[in-house]
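Numbering (the working numbering), first residue to last: 1 to 342.
For every residue, glycine included, the Cβ atom is placed at its ideal position computed from N, Cα and C.
Only one structure is covered here, and it is reproduced in the block below.
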Ligand code: NAD
Ligand code: WQD
């Protein structure tokens, strides 16, 4: 049977590069398109080294309709996984127009070109941020979305709605939105991982940089929340497990039998872990110290959220497999690789 081809927009980024690896391992042809606005070619090189495949890379801004159109004419994609987006929640509050332009325009271009060229399947990178502060935990896909608390979150809600409406209207278009919880860790090879530019905004890169001595001290944003140890609770999902969820979503859409046209899945472990617990485990697993202090709450943080991943387990046949310890070890191995500490 002819190999299916998947366009991975944002494929030089953190989750996209891991997904490219898993797609290739599962037998798909992959084309990576990225404007390198938040990444560089080392990730593409990493994908090539891990897989032994000279994956095609195209430097394209998905907001550039002409350039993206040329890409759609050049390759025969069966499916698209659309990762390309700006993702810093805090920045989106100060620069909302950048977020609305990039995240909405790139997504609309992709969906319009898919429709125009008859490409059927799209997976969209959504986020648990669409739930906001839910009334009960864990959240299921039926948990009502709350009004977005940031322009970034708003773009995720809007793109989900656009996708739902587009697949309802256009025969032959199928879409899956994956709501990621908190992706962490790196590929076990330590050849690809998260590469935050400047000061890390997310917990685990801050932890690894503190352990490596790049940052002096990790600030823990609050220990007075109504949780067992007072710190926030999240569902930390290993990035390679998350990457496999995309393969499962593509398989479902390529699978021949007619499926629901638009589906949404939570991609998390189903386990809530507190900030303090995560830092403690990181220290224990890796035998390193993470200087930390408790500071005030960070504006906009929700108290606790974790996934009910039953639907993805049952329908996609996907479940998170890596333990938190394995994931925290991979995050540290990647940080050491970045610092040349091996
Ligand atoms: P990332 O920044 O590492 O990857 C995104 C990639 O998209 C980058 O390589 C960037 O250069 C590229 N890009 C941005 N705008 C582009 C454009 N207009 N055209 C072409 N390329 C463009 O981020 P990530 O963590 O890998 O996130 C991937 C997706 O998953 C994003 O849509 C993000 O919103 C979503 N997501 C991320 C998280 C998370 O915590 N990392 C959680 C939920 C959802
Ligand atoms: C995790 C926990 C912080 C940094 C964000 C986005 C969300 C999604 C995932 C894209 C929180 C605490 C953090 C630090 C800390 N992304 N923390 N000190 O906020 O759960 O989610 O990424 O869709 O939309 O909002 O992730 O890693 O920033 O924080 O104490 O230096 O770690 O307060 O409880 P968050 P995070």
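Best match in the options for proximity to residue i [C-alpha to C-alpha]
{"i": "residue 88", "options": "150, 141 and 54", "result": "150"}
{"i": "residue 119", "options": "98, 103, 250 and 27", "result": "250"}
{"i": "residue 60", "options": "74, 49 and 54", "result": "74"}
{"i": "residue 85", "options": "188, 204, 13 and 95", "result": "13"}
{"i": "residue 153", "options": "287, 233, 126 and 204", "result": "126"}
{"i": "residue 240", "options": "230, 315 and 321", "result": "321"}
{"i": "residue 221", "options": "184, 185 and 202", "result": "202"}
{"i": "residue 5", "options": "97, 254, 100 and 137", "result": "254"}
{"i": "residue 175", "options": "182, 67, 305 and 164", "result": "164"}
{"i": "residue 334", "options": "189, 33, 155 and 323", "result": "189"}
{"i": "residue 319", "options": "140, 332, 97 and 244", "result": "244"}
{"i": "residue 327", "options": "242, 265 and 307", "result": "242"}
{"i": "residue 299", "options": "82, 93 and 28", "result": "93"}
{"i": "residue 216", "options": "200, 230 and 8", "result": "200"}
{"i": "residue 129", "options": "146, 138 and 122", "result": "146"}
{"i": "residue 2", "options": "69, 32, 49 and 77", "result": "77"}
{"i": "residue 260", "options": "219, 138 and 316", "result": "316"}
Three-state secondary structure assigned by DSSP to residue i
{"i": "residue 120", "result": "coil"}
{"i": "residue 349", "result": "Past the edges of the chain, shown from 1 to 342, lies residue 349, and the structure says nothing about it."}
{"i": "residue 24", "result": "helix"}
{"i": "residue 210", "result": "helix"}
{"i": "residue 301", "result": "coil"}
{"i": "residue 7", "result": "strand"}
{"i": "residue 15", "result": "helix"}
{"i": "residue 201", "result": "coil"}
{"i": "residue 279", "result": "helix"}
{"i": "residue 88", "result": "coil"}
{"i": "residue 148", "result": "coil"}
{"i": "residue 341", "result": "coil"}
{"i": "residue 40", "result": "coil"}
{"i": "residue 289", "result": "coil"}
{"i": "residue 335", "result": "helix"}
{"i": "residue 192", "result": "coil"}
{"i": "residue 129", "result": "helix"}
{"i": "residue 255", "result": "coil"}
{"i": "residue 228", "result": "coil"}
{"i": "residue 69", "result": "helix"}
C-alpha distance - residue i paired with residue j, whole-angstrom precision
{"i": "residue 133", "j": "residue 106", "result": "28 Å"}
{"i": "residue 281", "j": "residue 325", "result": "7 Å"}
{"i": "residue 342", "j": "residue 114", "result": "44 Å"}
{"i": "residue 291", "j": "residue 91", "result": "26 Å"}
{"i": "residue 262", "j": "residue 111", "result": "13 Å"}
{"i": "residue 52", "j": "residue 284", "result": "34 Å"}
{"i": "residue 295", "j": "residue 224", "result": "10 Å"}
{"i": "residue 210", "j": "residue 271", "result": "25 Å"}
{"i": "residue 55", "j": "residue 339", "result": "26 Å"}
{"i": "residue 309", "j": "residue 131", "result": "14 Å"}
{"i": "residue 136", "j": "residue 277", "result": "21 Å"}
{"i": "residue 16", "j": "residue 67", "result": "20 Å"}
{"i": "residue 191", "j": "residue 116", "result": "37 Å"}
{"i": "residue 234", "j": "residue 38", "result": "25 Å"}
{"i": "residue 329", "j": "residue 185", "result": "8 Å"}
{"i": "residue 144", "j": "residue 312", "result": "18 Å"}
{"i": "residue 187", "j": "residue 161", "result": "32 Å"}
{"i": "residue 237", "j": "residue 181", "result": "7 Å"}
{"i": "residue 337", "j": "residue 208", "result": "11 Å"}
{"i": "residue 268", "j": "residue 58", "result": "31 Å"}
{"i": "residue 167", "j": "residue 226", "result": "41 Å"}
{"i": "residue 193", "j": "residue 99", "result": "24 Å"}
{"i": "residue 8", "j": "residue 124", "result": "11 Å"}
{"i": "residue 195", "j": "residue 172", "result": "37 Å"}
{"i": "residue 213", "j": "residue 274", "result": "23 Å"}
{"i": "residue 297", "j": "residue 230", "result": "11 Å"}
{"i": "residue 148", "j": "residue 79", "result": "29 Å"}
{"i": "residue 265", "j": "residue 96", "result": "27 Å"}
Residue(s) in a DSSP beta bridge with residue i
{"i": "residue 59", "result": "34"}
{"i": "residue 266", "result": "179"}
{"i": "residue 273", "result": "234"}
{"i": "residue 307", "result": "139"}
{"i": "residue 221", "result": "295"}
{"i": "residue 81", "result": "8 and 123"}
{"i": "residue 29", "result": "5"}
{"i": "residue 174", "result": "121"}
{"i": "residue 184", "result": "238"}
Proximity test, residue i beta-carbon vs the ligand ZN heavy atom, cut-off 6 Å
{"i": "residue 176", "result": "Judged by which ligands are present, the ligand ZN is missing from the structure shown, whose ligands are the ligand NAD and the ligand WQD."}
- Item | Cβ pair count under 8 Å reaching 3, the segment 32–52 against the segment 13–20 | yes
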